[in-house]
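Everything in the sequence shown is counted per the numbering used here, starting at 14 for the first residue and increasing by one.
Every residue, glycine too, gets a C-beta built ideally from N, C-alpha and C.
Okay, structure first, notes after.
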Amino acid sequence: MAKLKVAVLISGRGSNLQALIDDCRAPGAPAEIVLVLCNEPGAAGLARAATAGIPTRVIDHRGFADRAAFDAALDRALAAAGAELVCLAGFMRLLGAGFVNRWRDRLINVHPSLLPAFRGLDTHSRAVAAGVRFAGCTVHFVRPEMDSGPIIVQAAVPVRPEDTAEILAARVLEAEHRAYPLALRLIAAGRVRVVDDRVVVAGAVGPTGPSLNPQG
Ligand code: GRF
C-alpha cells in the first residue's frame with residue numbers, strides 16, 4: 014500500500030520531528046515524511062531533517078506582509094511536495110482560519126497538556142501551580158480556535174510533589190514522543206475517522222481502570 018505523504022512544520026528543536034522520523038523509518042511504517050517546513054532559519058530541527066535525508070524548506074514569516082500571504086506560501090510548498098497530511102511539531106506561528114479549514118482533518122498538532130485543560134503557553138508551570146495530579150499531552154486535529162479540535166491520542170503522566178515545570182516538561186516530552194508517532198500511524202493506517210467532531214479509532218484498545226496519584 015502507498016505510504017501517506019506527510020509534511021512536518023517546525024520552529025525549533027524538533028524532538029517531536031525526530032520521533033516521527035524514527036517511527037517512519039521502521040519497516041512497514043505506513044507514513045513517510047516528504048517535507049520539513051520551518052519558519053525559523055537555523056532551527057535545530059532542520060539539521061535533524063537534513064541528517065535523515067528529508068527535504069527541508071525555510072519560509073520565514075518575517076518576509077511576508079501578513080498572515081494570509083505567509084499561509085499561502087506554506088500551502089504552495091505543501092502542494093509542491095504532494096503532502097497529504099500536515100503535522101505541527103513545535104510550530105510557533107498561529108495559522109489563519111483559511112489555511113486551517115483548507116486542511117480540515119488533514120492537519121494535526123501535539124500540545125503539551127491534557128486538553129482542554131491548559132490551552133496556550135507555559136502549560137507545565139500552570140499545571141504545577143494548579144496542583145493537578147496528572148499532566149500529559151494531546152495529539153489532535155486542528156481547528157481555527159487555538160489548541161482545540163478532535164482528540165486523537167492523549168498520554169497521561171503523573172505530577173510528583175517535587176516537580177518543577179522543567180522536570181514535568183521532560184516527562185511530558187517523553188510522552189509526546191510516543192503519542193505523536195502513534196497518532197500518525199493510526200491515521201496513516203486508515204483507522205481514524207472524525208464523527209460529529211470527535212475522533213473514532215477503529216479497533217482501538219485502551220487502558221482499563223483508574224490510575225491513582227497518590228496511590229496511598
Ligand atoms: C513540544 O512540547 C510541543 O508539544 C510544543 O512545543 C514543543 C516542541 O518541542 N507544541 P520539539 O521542537 O518537538 O522538541
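For E189, verify whether its CB is less than 7 Å away from any heavy atom of the ligand GRF. At least one heavy atom of the ligand GRF is nearer than 7 Å to the Cβ of E189, so yes.
L181 vs V152 beta-carbon contact at 8 Å: It is not a contact, given that the beta carbons lie outside the stated cut-off.
Quick one: what does DSSP say R156 is sitting in, helix, strand or coil? R156 falls in the coil class under three-state DSSP.
V166 - partner residues in DSSP beta bridges: V166 is bridged to V152.
Mind listing, in chain order, the continuous alpha helix (DSSP H) runs of no fewer than 4 residues lying wholly within the region 53-85? Scanning the region 53-85 from its first residue to its last, the whole alpha helix (DSSP H) runs of 4-plus residues come out as 57-64.
Cα separation between L197 and R117? Spanning the two alpha carbons is a distance of roughly 16 Å.
Check: A102 C-beta below 7 Å from any heavy atom of the ligand GRF: The answer is yes for A102.
Per DSSP, the bridge partner or partners of C37: In DSSP, C37 forms no bridge with anything.
Between the beta-carbon of L127 and the beta-carbon of S28, is there less than 8 Å? If you check the CB distance, L127 and S28 do not come in under 8 Å.
Less than 8 Å separating the beta-carbons of E189 and V123? Taking C-beta atoms as the reference points, E189 and V123 count as a pair closer than 8 Å.
Below 8 Å, can you find three or more Cβ-Cβ pairs linking the region 84-92 to the region 106-116? Contact between the region 84-92 and the region 106-116 is present: three or more C-beta pairs spanning the two stretches fall below 8 Å.
Short check: CB of A102 to CB of V21, under 8 Å? Inclusion of A102 and V21 in the CB contact set at 8 Å is warranted, their separation being smaller than that value.
What's the gap between the Cα of L17 and the Cα of D36? Computed Cα separation, rounded: 13 Å.
Between T177, G144, R184 and P220, which has its C-alpha nearest P125's C-alpha? Nearest neighbour of P125 by Cα position, chosen from T177, G144, R184 and P220, turns out to be R184.
CA-to-CA distance, V166 to R119, given in whole angstroms: Taking the straight line joining both Cα atoms gives about 15 Å.
Taking only the alpha-carbon atoms, compute the straight-line gap between V172 and P54 and give it to the nearest angstrom. Spanning the alpha carbons of V172 and P54 requires a straight line of approximately 35 Å.
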